[in-house]
Amino acid sequence: MSVINSVLIENRIFPPAEALVERSTISGRVAYDALCQEAETDYSGYWARLAREHLTWKKEFTTSLDESRAPFYQWFADGTLNVSYNCLDRHVEAGLGDKLAIIFEADDGQLSRITYQQLLARVCQLANALRARGVKPGDRVLIYLPMSIEGVVAMQACARIGAIHSVVFGGFSAKSIHERIVDAGTVAVITADGQCRGGKRIPLKPAVDDAIAMGGCEMVHSVIVFQRTGDDCSMQAGRDVWWHDAVREQAQTCEPEWVGAEHPLFLLYTSGSTGKPKGVQHSSGGYLLHAALTMKWTFDIQADDVFWCTADIGWVTGHTYIAYGPLACGATQLMFEGVPTYPNAGRFWHMIQNHKVSVFYTAPTAIRSLIKAGEISPETHPKNYDLTSLRILGSVGEPINPDAWMWYYEQVGGSRCPIVDTFWQTETGGHMITPLPGVTPLVPGSCTLPFPGIQASVVDETGLELEWGKGGLLVVKKPWPSMIRTIYGDPQRYANSYFPADLGGNLYLAGDGAMRDPNTGYFTIMGRIDDVLNVAGHRMGTMEIESALASNPLVAEAAVVGRPDDVTGEAICAFVVLKQARPSGAEAAEIANQLRSWITKEIGPIAKPKDIRFGDNLPKTRSGKIMRRLLRSLAKNEDITQDVSTLENPGILDQLKQNA
Ligand code: WTA
Numbered sequence: 001m002s003v004i005n006s007v008l009i010e011n012r013i014f015p016p017a018e019a020l021v022e023r024s025t026i027s028g029r030v031a032y033d034a035l036c037q038e039a040e041t042d043y044s045g046y047w048a049r050l051a052r053e054h055l056t057w058k059k060e061f062t063t064s065l066d067e068s069r070a071p072f073y074q075w076f077a078d079g080t081l082n083v084s085y086n087c088l089d090r091h092v093e094a095g096l097g098d099k100l101a102i103i104f105e106a107d108d109g110q111l112s113r114i115t116y117q118q119l120l121a122r123v124c125q126l127a128n129a130l131r132a133r134g135v136k137p138g139d140r141v142l143i144y145l146p147m148s149i150e151g152v153v154a155m156q157a158c159a160r161i162g163a164i165h166s167v168v169f170g171g172f173s174a175k176s177i178h179e180r181i182v183d184a185g186t187v188a189v190i191t192a193d194g195q196c197r198g199g200k201r202i203p204l205k206p207a208v209d210d211a212i213a214m215g216g217c218e219m220v221h222s223v224i225v226f227q228r229t230g231d232d233c234s235m236q237a238g239r240d241v242w243w244h245d246a247v248r249e250q251a252q253t254c255e256p257e258w259v260g261a262e263h264p265l266f267l268l269y270t271s272g273s274t275g276k277p278k279g280v281q282h283s284s285g286g287y288l289l290h291a292a293l294t295m296k297w298t299f300d301i302q303a304d305d306v307f308w309c310t311a312d313i314g315w316v317t318g319h320t321y322i323a324y325g326p327l328a329c330g331a332t333q334l335m336f337e338g339v340p341t342y343p344n345a346g347r348f349w350h351m352i353q354n355h356k357v358s359v360f361y362t363a364p365t366a367i368r369s370l371i372k373a374g375e376i377s378p379e380t381h382p383k384n385y386d387l388t389s390l391r392i393l394g395s396v397g398e399p400i401n402p403d404a405w406m407w408y409y410e411q412v413g414g415s416r417c418p419i420v421d422t423f424w425q426t427e428t429g430g431h432m433i434t435p436l437p438g439v440t441p442l443v444p445g446s447c448t449l450p451f452p453g454i455q456a457s458v459v460d461e462t463g464l465e466l467e468w469g470k471g472g473l474l475v476v477k478k479p480w481p482s483m484i485r486t487i488y489g490d491p492q493r494y495a496n497s498y499f500p501a502d503l504g505g506n507l508y509l510a511g512d513g514a515m516r517d518p519n520t521g522y523f524t525i526m527g528r529i530d531d532v533l534n535v536a537g538h539r540m541g542t543m544e545i546e547s548a549l550a551s552n553p554l555v556a557e558a559a560v561v562g563r564p565d566d567v568t569g570e571a572i573c574a575f576v577v578l579k580q581a582r583p584s585g586a587e588a589a590e591i592a593n594q595l596r597s598w599i600t601k602e603i604g605p606i607a608k609p610k611d612i613r614f615g616d617n618l619p620k621t622r623s624g625k626i627m628r629r630l631l632r633s634l635a636k637n638e639d640i641t642q643d644v645s646t647l648e649n650p651g652i653l654d655q656l657k658q659n660a
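Heads up: the sequence shown begins at 1 in the UniProt record's numbering, then just goes up one per residue.
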């Protein structure tokens, strides 16, 4: 682990508007400080109070934080609840049954609307169908669905019967599905015939069939298929059933499974620095508390808001801020099937205008691509749309560069709307460091201060807290309710990765470098300290891509690094040694394309290397270690100024300068 020093100096400050401070749930710095103080004085009492106020319990808990098996922390463990009850029934019981829960806009612009009462009925029907097919509490169910109301219904239905879902992003390959089915011992799959994105119809079900056919999936007894495109789709008798057939006879009520607060709600696979993707396991009670609380405090969600999070349900952002958070608060949300650039790059702005979206949450990579698009096709620039309904903007997934921040603030938010730059991770369950709209003066590019109760800090390699102004490792000093509980099937890897002994064994290591501003204590995230890449807000391990490349019959050896990219933040650059002689010209381009298709099949299109470079070898030290820092410089097309005297084969560097 290396300590990073840098970064840009940013002097602009945007204090919250007076009117916003007044109407916000957490209003003013004094209120923020009071919450932090409360957590400081009685940490477990603070979270217990919030868990009682924001969640509905079947059986009240008597203990809040249990540290006896650290780092396997437990929260509210003797309480029981049901997540879907908290997201649906309790609002219906409170008279909000007719309130819109989801406005769904399909790729082609077609709209569907569903109220809380209707959503509850559909969740109950699917929950009953799952039970009827023998899915039991604690069983793992893999969900491979497009962005759809059904996606949310599927997740909520699992929660209702205490089954543990594992959502796989619709862009992932059969191989990725297979890995996840096997790792989790999945018993059922919920998928669709296909999906519609950017005017194209893309099949989904064949990937599930291929995955199951890869072997080791004998425990999958049911595949439920939602009909989206209506395209031909093979159905295996006995195992496969259409969603509409499975729910037809089912009742619209379903007694929830009351589970302990620690009962796993879901697994979500994400990349780490080594090995295969890990199944991050989240709890029911603690996770839901943070989902609800961050909706209320970070997004200041109010009864009349229209919330829109543009993430896919295959990512953690789509879990916490589509499937759970907005529903836990009884909010109305917009959900979108398609892509931001179809039919043109004004789609987001058009949708905000049409649906009067008031709280909008997206990723820096989307903003950067829309800035570019607006320059090329001025008619798609946000100024052509009425965006006055917006009151709060959010950013997530990667650091937002100050230029993109300013554009988002001025061109989208009309210089009226605070931007909450929310730092968090799959493992943290919800926001960790973020401005609160009615509290925090904003500085472009900084995620500012910890969410009240979260004890974030910056330390050196030995776990020693650094003074403000020094770059180091981002850590969290105390367990919090929505934290990862374990890596499914690999508790040791959980303990080693997140609570490393080097840091003393009791600090949560986020895996990011960070620095606090010497005056304000504001946090700036400086990017991953490990071999995890962040491409367009998607986490990928260099190791995963390297092993996928190395498994291609043409490839002898491969190394992958990230390089900065204007739009996607980072881009993947692969250095490849083939078993055959080093190709050049048209042949090199042809093989590079073959390798890109290979990666698409092995992992998914998001892992395709942008640059591929062929060499007779990779730059190695005499002891055979690949010199990645040289590869990073080559990827950036920098001159090599580093010491190459330990390099066994310096001549290789020239070969690796050219893209295939
Ligand atoms: C990065 C996504 C800077 C960071 C919710 C983290 C960010 C990784 C921000 C987690 C932000 C996320 N500013 N960096 N606001 N948000 N990151 O698990 O490197 O897909 O460790 O969770 O994204 O990615 P993940």
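Note that beta-carbon positions come from the ideal geometry of N, C-alpha and C, so glycine has one too.
{"Asked": "Mapping the DSSP letters down to three states, classify residue 661 as helix, strand or coil.", "Found": "Because the chain in this structure spans residues 1 to 660, residue 661 falls outside the shown range and cannot be described."}
{"Asked": "Taking 7 Å as the cut-off, is the CB of Asn534 close to at least one heavy atom of the ligand WTA?", "Found": "yes"}
{"Asked": "For the ligand WTA, which residues count as neighbours when the test is a C-beta closer than 7 Å to any heavy atom?", "Found": "Thr270, Trp315, Val316, Thr317, Ser395, Val396, Gly397, Glu398, Pro399, Ile400, Asp421, Thr422, Phe423, Trp424, Gln425, Thr426, Glu427, Cys447, Ala510, Gly511, Asp512, Ile525, Gly527, Arg528, Asn534, Gly537, His538 and Arg539"}
{"Asked": "Over the uninterrupted alpha helix (DSSP H) stretch that includes Arg248, give me the two end residues.", "Found": "Trp243 to Arg248"}
{"Asked": "Helix, strand or coil: how does DSSP classify Glu375 here?", "Found": "helix"}
{"Asked": "Determine the direct distance from the alpha carbon of Ala192 to that of Val208, and round the result to whole angstroms.", "Found": "10 Å"}
{"Asked": "From the DSSP secondary-structure annotation, give me the bridge partner or partners of Asn534.", "Found": "Arg539"}
{"Asked": "Can you find the residues in the same chain that come closer than 7 Å, C-beta to C-beta, to Thr25, ignoring five residues on each side of it along the sequence?", "Found": "Lys296, Trp297 and Asp300"}
{"Asked": "Under the DSSP definition of a beta bridge, which residues are partnered with Trp75?", "Found": "Leu65"}
{"Asked": "Can you name, in chain order, every residue of its own chain whose Cβ lies under 7 Å from the Cβ of Thr426, other than the five neighbours on each side?", "Found": "Leu268, Thr270, Val280 and Val316"}
{"Asked": "Take the Cβ of Lys608 as the centre, count every other Cβ of all protein chains shown within 10 Å, and call the residue buried at 16 or more, exposed below.", "Found": "buried"}
{"Asked": "Which residue wins for smallest C-alpha separation from Lys59, given the options Ala559, Asp108 and Ala261?", "Found": "Ala261"}
{"Asked": "Once the 5 residues before and after Val7 are set aside, which same chain residues still bring their CB inside 8 Å of it?", "Found": "With a pLDDT of only 45 at Val7, under the threshold of 50, the placement of this residue in the model should not be trusted; the figure read from the coordinates follows. Answer for Val7: Gly471, Met515, Thr524 and Met526, listed in chain order."}
{"Asked": "Using the Cβ count rule (16 or more neighbours within 10 Å means buried), how would you classify Ala366?", "Found": "buried"}
{"Asked": "Please report the straight-line C-alpha distance between Thr542 and Asp530, rounded to a whole angstrom.", "Found": "10 Å"}
{"Asked": "State yes or no: is the C-beta of Leu65 within less than 8 Å of the C-beta of Pro452?", "Found": "no"}
{"Asked": "Kindly indicate the opening and closing residues of the beta strand (DSSP E) around residue 673.", "Found": "As shown, the chain starts at 1 and ends at 660. That puts residue 673 outside it, with no answer to give."}
{"Asked": "Could you give the residue range of the alpha helix (DSSP H) that holds Ser176?", "Found": "Ala174 to Ala184"}
{"Asked": "What's the gap between the Cα of residue 674 and the Cα of Val439?", "Found": "Nothing can be reported for residue 674, as the shown portion of the chain is limited to 1 through 660."}
{"Asked": "Starting from Leu509, follow its DSSP beta bridges and name the residues at the other end.", "Found": "Val475"}
{"Asked": "Tell me the rounded alpha-carbon separation between Thr380 and Trp349.", "Found": "8 Å"}
{"Asked": "Between which two residues does the beta strand (DSSP E) containing Phe451 stretch?", "Found": "Phe451 -> no beta strand (DSSP E), and no H or E assigned at all."}
{"Asked": "Three-state secondary structure (DSSP) at Asp643?", "Found": "coil"}
{"Asked": "Output the distance between the C-alpha atoms of Leu387 and Ala589, rounded to the nearest integer angstrom.", "Found": "44 Å"}
{"Asked": "Straight-line CA distance for Cys254 to His263?", "Found": "19 Å"}
{"Asked": "Just to check my reading of the structure: Ile419 and Tyr409 have Cβ atoms closer than 8 Å, yes? What is that Cβ distance to the nearest angstrom?", "Found": "6 Å"}
{"Asked": "What is the DSSP secondary structure of Pro382, reduced to helix, strand or coil?", "Found": "helix"}
{"Asked": "Check whether the Cβ atoms of Val396 and Ala373 lie closer than 8 Å to each other.", "Found": "no"}
{"Asked": "Please return the same chain residues whose Cβ sits closer than 7 Å to the Cβ of Arg368, not counting the five positions on each side in sequence.", "Found": "Ala404, Asp566 and Val567"}
{"Asked": "Would you tell me roughly how many angstroms separate the C-alpha atoms of Leu288 and Ala213, rounded to the nearest one?", "Found": "36 Å"}
{"Asked": "Tell whether a beta-carbon distance below 8 Å holds between Ala323 and Ile313.", "Found": "yes"}
{"Asked": "Measure the C-alpha to C-alpha separation of Glu179 and Leu20 and round it to an integer number of angstroms.", "Found": "47 Å"}
{"Asked": "So what does DSSP say about Tyr488, is it helix, strand or coil?", "Found": "coil"}
{"Asked": "For the beta strand (DSSP E) holding Asp611, just list the boundary residues, first then last.", "Found": "Asp611 to Phe614"}
{"Asked": "By the DSSP assignment, the beta strand (DSSP E) with Cys309 in it spans what residues?", "Found": "Val306 to Cys309"}
{"Asked": "Which runs of the beta strand (DSSP E) spanning at least 3 residues fall entirely within the UniProt domain \"AMP-binding enzyme C-terminal\" (544-625), listed in chain order?", "Found": "555-565, 569-578 and 611-614"}
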